[in-house]
Amino acid sequence: MDALPPPAPLSERARAALEALILSGELAPGSRLNEVALAARLGLSRGPLREALRGLERDGLVTAGPAGQGMSVRRLEPEEMAELYDMRALLQGFILARLAERQAAGALPAAVLDGLSAEVAAMERDAAAGDAGAYYARNLAFHDALHEAAGHRRAASLYLSLLKESHLARQRSLSRPERMRESNAEHAAMLAAVAAGDPVLARDLGEAHVAGGGKRRWLESLGRG
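If you count the sequence shown from 1, position 67 lands on 67 in the UniProt record's numbering, and the numbers rise without skipping.
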């Protein structure tokens, strides 16, 4: 019988728990992080908690205040958010082009495209039902599946890092049914380009999905579109 893997260090478990609270919005952007209260809530000492917070600071999710004021959940300025969209667009285009190249070479399994198409169909149902929470969760899973199929670990890691920083703003930008439907139509067009084995079109559509559609929907959510 195989031995069970050792439990994750306390700092890693604390980091995962805090990240979940931040990405869910329970710990809102700009909110101060009370170490005593958080340590009690997570059932651990302040040592592992502080280590977890330092890791989240490196990820860009929390930020240190002036000396003696502790940390708070990072609040992105609009200019920072716009830059995140620009960088994510380049990575999205790269991933879509890579998938189309794999398709043209006959190296992309049909089951992968079938699975992605099924996700697009499910997101269409979520949009029709106005279920923003379900749509957003499936949207994240869809993009994760794109990166997994592309098989480029460094691009996936960079994209995830950028995505975490922009998570809450993106969630707000996909809260309305018409925005969900528009976003999902872009998903369908990207998949069609991949299925056709057209890396140039796939790259263009991948970049436009983020830098054009996604960025514009975010600006509209701020009342700037």
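By construction, the Cβ of each residue, glycine as well, lies at the ideal position given by its N, Cα and C atoms.
Less than 9 Å separates the beta-carbon of His152 from that of Arg98. With a minimum length of 4 residues, the unbroken runs of alpha helix (DSSP H) contained wholly in the UniProt domain "HTH gntR-type" (8 to 76) fall at 10 to 24, 35 to 42, 46 to 58. Around the C-beta of Gln92, 16 or more other C-beta atoms lie within 10 Å, and the residue is accordingly described as buried. Annotation for Ser175: no alpha helix (DSSP H) segment contains it, and DSSP assigns it neither H nor E. Taking the Cα positions, Leu27 is about 7 Å away from Val73.
The stretch 100 to 113 and the stretch 175 to 185 do not touch, with fewer than three beta-carbon pairs separated by less than 8 Å. In the assembly as shown, Leu146 is a buried residue. Its beta-carbon has 16 or more other beta-carbons within 10 Å.
A buried status is given to Glu119, since no fewer than 16 other beta-carbon atoms sit within 10 Å of its beta-carbon.
When rounded, the separation of the alpha-carbon atoms in Val62 and Ile95 is 28 Å. With contacts defined by Cβ atoms closer than 9 Å, Pro199 and Glu51 do not form a contacting pair.
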